[in-house]
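*Asks:* For the sequence shown, the working numbering assigns the number 204 to the initial residue and increments by one for each residue that follows.
Glycine residues also receive a C-beta, built at the ideal position from the N, C-alpha and C atoms.
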Amino acid sequence: MIEISQVRIYPFETSSFGGHTRAYADIVIGDCLVVKGLRVVEAAGGGLFVAFPAQRARDGRYHDLVVPLNAETREYIRMMVIEAFKRWTPADTPTDR
204 MIEISQVRIY PFETSSFGGH TRAYADIVIG DCLVVKGLRV VEAAGGGLFV
254 AFPAQRARDG RYHDLVVPLN AETREYIRMM VIEAFKRWTP ADTPTDR
């Protein structure tokens, strides 16, 4: 199992123009790898989920750039990011990105 040693949250408000993204997040895995660009998204039913980084292809479809290889890892990352988002305060925002 991986160990997430740090979660950085970058919140912003998109609901004023119909957006559902509530924050971006970066995670540090094992103090040796950073994954940038995870998104905290509010679902239509009101819950939160974590979208992994993806890139838009020429055909307009999105392709995942980071893919957890099992459900346990996906759930661990989701839990860590959502918990960090829920307890975020403005003092937590890193100045270096």
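Starting from Val284, trace the beta strand (DSSP E) both ways and give me its first and last residue.
*Replies:* Stepping through the sequence shown from its first residue, residue 284 is reached at position 81. Where Val284 is concerned, there is no enclosing beta strand (DSSP E), although the alpha helix (DSSP H) it sits in stretches over Ala274 to Lys289.
*Asks:* Of the choices Met204, Phe252, Asp234 and Arg242, whose alpha-carbon is the least far from that of Tyr213?
*Replies:* Reading the sequence shown from its first residue, position 10 is the one you call residue 213. Of the candidates Met204, Phe252, Asp234 and Arg242, the one whose C-alpha sits nearest the C-alpha of Tyr213 is Arg242.
*Asks:* Taking a contact to mean a Cβ-Cβ separation below 8 Å, would you say Gly233 touches Ile205 in this structure?
*Replies:* Position 30 of the sequence shown holds residue 233. Position 2 of the sequence shown holds residue 205. The answer is yes: Cβ separation under 8 Å.
*Asks:* Return yes when the Cβ of Arg225 is within less than 8 Å of the Cβ of Val244, no when it is not.
*Replies:* Numbered from 1 along the sequence shown, position 41 holds the residue referred to as residue 244. Numbered from 1 along the sequence shown, position 22 holds the residue referred to as residue 225. Closer than 8 Å, so yes.
*Asks:* Which one of Gly221, Asp229 and Ala287 has the shortest CA to CA distance from Ala247?
*Replies:* Here the question's residue 247 lines up with position 44 in the sequence shown. Of Gly221, Asp229 and Ala287, the residue nearest in Cα terms is Gly221.
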